[in-house]
Amino acid sequence: MPLPLIYHDDYSPEFPAEHRFPMDKFRLLRDHLVQTGLTRDADLLRPELCPVDILALAHDRAYIERYMAGELAREDQRRLGLPWSEALARRTIRAVGGSLLAAEQALEHGLACHLAGGTHHAHYDHPAGFCIFNDLAVISRYLLESGRVNRVLIFDCDVHQGDGTARILEHTPDAITVSLHCEKNFPARKAQSDWDIGLPMGMGDAEYLQVVDDALNYLLALYQPDLVLYDAGVDVHQDDALGYLKLTDAGVAARDESVMRHCLGRDIPVVGVIGGGYSKDRKALARRHGILHHSAQKVWVSSGCH
């Protein structure tokens with residue numbers, strides 16, 4: 014069976030071309046994975062919209078309603094940084110559904126990857142930093158409350174701290190939040206994750222990979238989670254517009270492979286979401302995000318988890 018990959022045509026709605034957020038990267042990522050022969054469009058799993066009752070496990074219902082109706086306060090609009098549209102609202106709910114489907118596939122088959130997800134700046138009752146609903150927090154709460162897992166560990170390697178995830182899950186002891194991020198970067202006011210690993214600006218491949226290795230060796234043995242949610246942000250890349258680290262393509266690939274092998278080597282299912290990545294060259298950015306899926310395919314074949 015092929016590696017489970019999750020995508021929907023709703024993911025790249027019409028969007029202002031000059032906007033800082035690269036909304037077309039999801040479609041370009043799909044195109045890249047098809048063109049490189051990793052998958053066929055027909056083999057991609059299409060998610061449903063995430064039900065409001067599941068969103069409300071991690072978000073305030075009044076906030077969900079305000080957002081869906083396009084009635085966010087001006088301050089919230091400013092924090093979010095994305096123009097509201099019905100298509101964007103549908104995309105947002107669909108993408109949380111996509112991360113949920115990816116998690117269910119990972120629990121069934123050992124490994125799955127989303128072609129979106131990782132919206133870790135979204136808070137309980139407000140958006141921030143291009144994030145509206147927090148898929149990592151929603152999935153964690155849903156799987157814990159439905160009894161599908163007893164403990165979930167979020168391993169967030171986006172260059173920015175997963176502040177929304179940390180705050181939403183602060184009082185959920187069986188959802189362990191781990192954030193490896195560049196210390197001097199957005200958000201200015203950090204939250205408190207269970208484990209915050211702040212990295213110095215300019216860190217390159219070798220030092221970064223050592224941190225990843227050490228962290229996983231320690232944390233997976235300590236918590237023995239039933240599922241790892243891996244935020245594979247590529248804004249750690251040396252060419253990223255909003256990151257301050259210096260990873261190369263090879264460094265990102267080694268990181269992704271390392272995370273998945275650490276988990277599968279301990280029989281812990283792992284789901285990959287793409288997290289952040291910013292560049293005016295959208296095709297280069299799509300290729301960068303595709304490193305996750307190509308690395309996952311390599312691990313999938315060699316680990317025989319299917």
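Just so we're aligned, residue 14 is where the sequence shown starts under this note's numbering, counting upward by one. Built from N, CA and C at the ideal position, the CB exists for glycine as well.
Expected contact under 8 Å - CB spacing of residue i and residue j to nearest Å
i	j	result
Ala234	Ser206	With a Cβ gap of about 19 Å, Ala234 and Ser206 do not count as contacting.
Ile281	Pro238	6 Å
Ile145	Tyr80	6 Å
Gly177	His133	6 Å
Asp56	Pro15	5 Å
Leu70	Tyr155	6 Å
Ala150	Arg92	The pair is not a contact, with the Cβ atoms about 17 Å apart (cut-off 8 Å).
Leu298	Pro35	6 Å
Residue(s) in a DSSP beta bridge with residue i
i	result
Thr190	Ile167
Tyr257	Beta-bridge pairing links Tyr257 to no other residue.
Gly285	Cys126, Tyr243
His275	DSSP output for His275 lists no bridge partner at all.
Leu212	Cys195
Ile19	Leu58, His127
His250	Leu260
Top-ranked residue by Cα proximity to residue i, from the options
i	options	result
Leu166	Val283, Gly142, Val249, Gly177	Val283
Gly130	Gly175, Met214, Tyr76	Gly175
Glu31	Ile304, Ala299, Asp294	Asp294
Tyr20	Glu27, Arg33, Leu58, Ser316	Leu58
Ile210	Ala219, Asp218, Phe199, Val225	Val225
Tyr231	Met216, His184, Leu260, Phe168	Phe168
Phe28	Glu270, Leu101, Glu78	Leu101
Leu62	Ala82, Thr105, Ala69	Thr105
Val162	Pro140, Arg202, Ala188	Ala188
Arg33	Ala299, Ser292, Asp252, Gly317	Ser292
Phe39	Gly50, Thr49, Tyr24, Leu46	Tyr24
Gly285	Gln223, Glu117, Leu298	Glu117
His45	Ala309, Arg301, Leu260, Asp89	Arg301
Leu68	Ala254, Thr190, Ser112, Asp227	Ser112
Glu196	Met216, Ile181, Val272	Met216
Ala309	Phe143, Asp252, Tyr243, Asp89	Tyr243
Glu121	Lys259, Leu277, Gln251, Ile304	Leu277
Glu220	Leu114, Lys259, Ala150	Lys259
Leu229	Phe143, Pro17, Gly290, Arg279	Arg279
Gly50	His136, Glu78, Gly303, Ser316	Gly303
Pro200	Gly256, Leu114, Ala86	Gly256
Val47	His307, Ser316, Ser315, Trp208	His307
Arg164	Asp54, Ala86, Tyr236	Tyr236
Phe143	Gln90, Ala267, Gln251, Arg43	Gln90
Asp253	Val65, Ala75, Val314, Met214	Met214
Val65	Arg103, Arg87, Asp22	Arg103
Ser271	Glu183, Gln251, Ala204, Cys170	Cys170
Glu99	Glu88, Leu114, Gly83	Gly83
Met273	Ala119, Arg202, Gly160	Ala119
Leu305	Arg87, Trp208, Ala267	Ala267
Beta-carbon gap between residue i and residue j smaller than 8 Å
i	j	result
Val249	Val312	no
Asp138	Asp73	yes
Lys296	Leu41	yes
Pro60	Gly123	no
Leu193	Leu222	no
Asp218	Gly264	yes
Ala108	Pro17	no
Asp262	Ala245	no
Thr185	Leu157	yes
Ile77	His136	no
Gly290	Val247	yes
Identify every run of the beta strand (DSSP E) within the segment 21 to 85, keeping only runs that are complete inside it and at least 3 residues long; order them along the chain. Whole beta strand (DSSP E) segments, 3+ residues: zero.
3-residue-minimum beta strand (DSSP E) runs that sit fully inside the segment 101 to 189, ordered along the chain: With a minimum length of 3 residues, the continuous beta strand (DSSP E) runs that stay inside the segment 101 to 189 are 124 to 127, 165 to 169.
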